[in-house]
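A short write-up of the structure that comes next.
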Amino acid sequence: MTDPAPTRPARQWSLDVTRVISVVGVVAIHVFAEMVAASGIKGTAGWWAAVAADIGFVWVVPVFVMISGALILQPRHYQDGPWPFYRRRLPRLATALVFWSLFYFIVIRTMLSQVPVTRVDLTDLVLGGKPYTHLYFLWLIIGLYAVAPVLASFLRGGGDRRALAFAGTVLAVTVVTGMSSSVLGGMGDARPLTLLALTQWLPYTGYFLAGWALRNVRLSGARLALAALATVAAVGLSVWQYGARPGLPLWDAVVPLTYYGPVVAIASIGVFVCLNSALADWRPGPRTQSVLRELSDCAFGVFLVHFAIMVLLRSVEPFSRAGGSFVLSLLEWLVVVVLSFGVVFVMRRVPGLRRVV
4 MTDPAPTRPA
14 RQWSLDVTRV
24 ISVVGVVAIH
34 VFAEMVAASG
44 IKGTAGWWAA
54 VAADIGFVWV
64 VPVFVMISGA
74 LILQPRHYQD
84 GPWPFYRRRL
94 PRLATALVFW
104 SLFYFIVIRT
114 MLSQVPVTRV
124 DLTDLVLGGK
134 PYTHLYFLWL
144 IIGLYAVAPV
154 LASFLRGGGD
164 RRALAFAGTV
174 LAVTVVTGMS
184 SSVLGGMGDA
194 RPLTLLALTQ
204 WLPYTGYFLA
214 GWALRNVRLS
224 GARLALAALA
234 TVAAVGLSVW
244 QYGARPGLPL
254 WDAVVPLTYY
264 GPVVAIASIG
274 VFVCLNSALA
284 DWRPGPRTQS
294 VLRELSDCAF
304 GVFLVHFAIM
314 VLLRSVEPFS
324 RAGGSFVLSL
334 LEWLVVVVLS
344 FGVVFVMRRV
354 PGLRRVV
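For the sequence shown, this note's numbering begins at 4 and goes up steadily by one.
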C-alpha cells in the first residue's frame, strides 16, 4: 500500500504581501542610492530623507531569502528525491541568469551606458557572480536551490527545535564571520569576504534556514508590539549609522552595516516575523487574492527588470536631475515601480519571455 500524496498547504498570503513590499523596497534602494551618494547635499533634510528611504529597506534581500526558505524547504518538494525538484526549478533560473546577464552587460552597460569592455570584464561576467549591480541575487538563489534538498533532508523529522537550532547556528556563524572581517579591516588588517559566482549563496544560508524555522511563528499582543518596536529600532539604528559616517569608525567596524551584520539580521528577522504575525488571520477576498497573487508572482521579474527601467528613465527629464532632489527621487521610485510591474505583467503573457521573469 502506497503512502497518500502530501496535501498542498494553504497559500500563506502574508508571504505574498511581504514579497511585494520587499521588491518595492529593492527599487527604493537603487533609486535613492544616487541621492545618498551625492556628497554635495550630505546632511540636508532631503539627503536624510533619501537615506531613510534607502537604508530603511536594508532588510529586503534577507527577507526575500527567508521567503524562499519558507517555501522551498517544504518536505513535499523532495518526496521523489532531488532531481525532480532540480528539473522543475533550476532551468528557469538558469535561463533568467543567462538572459539578464547578457541583457544588462550588452544593452545597459555597453550600449546605453557606453562602458568600455575589457577581458577582465568578460571574465568577471562569468566567474564573478555579479554581472550587474543586482544580478548576484540569481547566483545566490541558484546556489541555495542547489543545496536545498540536502538542507531539507537534515531538517526532516527534527521538528521546529532542530530547524531553529540549525538556522540560529548558521546565521550566528555568518554574523560573527562578517563582524570578524570588519573588525580586522578596521584595525588595518584587511580580510574582505570575497564572494564569487559559486559562493554568493553561502552567507545567506542562515536566512534561508530561518525562513523555514520561523514560518509558523506567530506573535500577538505585547510580544508582537515588542518585536515590532525592536524591528523599528534596528532599522532606525541602521539609518542613523549610515548617516553618521564616517564619524563612527569603531561602531562601523564592530557592527558592519551589511546584509549579514547583526543589526540588519535583527531587522530582517523582525520584519519577517512581525508581518507574518500581523497578517496571520487575514483572509483576502477573491478579487484581492487575484491582485495579490499577480503582484507576488511578478515580484521576481520586477527585481530583474527594474534597474533597466531606472537607467532608461534617468536619460530623460526631469529624472536626470533626480539625484539632487528627494521629491524627484520619490516620483522616480513610484514610476519605476509601476512601469516594472507593468512590463513584467506583459512579459509573463508572452511565450518565451515568461521564462525569464
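The C-beta atom is built at its ideal place from N, Cα and C for all residues, glycine as well. Everything numeric in this text was worked out from a predicted model, so none of it was measured.
Cβ separation of residue i and residue j, assumed to be a contact under 8 angstroms, to the nearest whole Å
i, j, result
"R358", "R95", "6 angstroms"
"S71", "F211", "6 angstroms"
"G146", "Q82", "Between Q82 and G146 the Cβ distance is about 23 angstroms, and since that is not below 8 angstroms, they are no contact."
"G131", "A200", "6 angstroms"
"S241", "V61", "5 angstroms"
"W103", "G246", "Actually they are not in contact, since the Cβ atoms of W103 and G246 sit about 33 angstroms apart, beyond 8 angstroms."
"L141", "L105", "Wrong, their Cβ atoms sit about 12 angstroms apart, outside the cutoff."
Range of the contiguous alpha helix (DSSP H) that encloses residue i
i, result
"A155", "Y139 to L158"
"P119", "Segment: none, P119 is in no alpha helix (DSSP H) and carries neither H nor E."
"P87", "P85 to L105"
"E297", "P289 to L316"
"A225", "G224 to G246"
"Y210", "T208 to A216"
"W16", "W16 to V39"
"L74", "V63 to I75"
"W50", "A48 to I58"
Assigned secondary structure, residue i (DSSP; H/G/I helix, E/B strand, else coil)
i, result
"V274", "helix"
"R194", "coil"
"T180", "helix"
"A170", "helix"
"W254", "helix"
"V359", "helix"
"L260", "coil"
"G345", "helix"
"Y135", "coil"
"G162", "helix"
"L282", "coil"
"S323", "helix"
"L199", "coil"
"S328", "coil"
"V353", "coil"
"V267", "helix"
"F129", "The sequence shown places Val at residue 129, not Phe. V129 falls in the helix class under three-state DSSP."
Proximity test, residue i beta-carbon vs the ligand COA heavy atom, cut-off 8 angstroms
i, result
"A13", "Although the ligand COA was asked about, the structure shown includes no ligands whatsoever."
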